[in-house]
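**Q** There's a structure below that I have some questions on.
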Amino acid sequence: MAEGQASKNVVVAIDGSETAQEALQFYMDHLHQKENRLVLIHAAELPALPTSQAIYMSGELWEQMCEKEKEKVKALEEGYAQKMKAAHVSGTIKAVFSGRPGEVICETAAEEKAIMIVMGTRGMGTIRRTILGSVSDYVVHHAHCPVVVCRH
30 MAEGQASKNV VVAIDGSETA QEALQFYMDH LHQKENRLVL IHAAELPALP TSQAIYMSGE
90 LWEQMCEKEK EKVKALEEGY AQKMKAAHVS GTIKAVFSGR PGEVICETAA EEKAIMIVMG
150 TRGMGTIRRT ILGSVSDYVV HHAHCPVVVC RH
């Protein structure tokens, strides 16, 4: 980066999906500039349990489940860190274990003063997207900056 030239933060939403990897690759191939700094954000989700199971679960078992999820996130982060290093791209990786993914992505982008968000889409059908909501749809409508949604 040239002296006196400020970096421009770009948020890339990641998870374990192929579409997230394709979104990062699209960014690298078509959008990356030397002065850009990547902020890879993973909105990690704690294990979901039916209420009937949660009542009877011990704290120790819950901790084991959370620890297993954290190990998965660490492996995911290491994989993405290697990709960034191989591409000679600077940046950071953040995993957030609270909140809804769309909200986490938008909040992180605002905190990092991102100039752009890049993300994949799972391509859910209309009915499923209507019931569950779409993370990419949420981000497109709530982000403070442009959003690039890469379809599979």
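Take the sequence shown: its letters are residues 30 to 181, numbered as in my numbering.
For each residue, glycine too, the CB sits at the ideal point set by N, CA and C.
Remember, predicted model here, so these are calculated numbers, not experimental data.
If you draw a straight line from the C-alpha of P175 to the C-alpha of V169, how long is it?
**A** Between P175 and V169, the alpha-carbon positions lie close to 8 Å from each other.
**Q** Looking at C-alpha atoms only, which residue of S165, G88, E141 and V164 is the closest neighbour of L69?
**A** E141
**Q** Quick one: what does DSSP say I144 is sitting in, helix, strand or coil?
**A** coil
**Q** May I ask you to list the residues that DSSP assigns as paired with H71?
**A** A124
**Q** Are the region 132–139 and the region 91–106 touching, with three or more C-beta to C-beta distances below 8 Å?
**A** In short, these stretches do not touch, since the Cβ pair count stays below three.
**Q** Can G128 and A72 be called in contact, C-beta distance under 8 Å?
**A** yes
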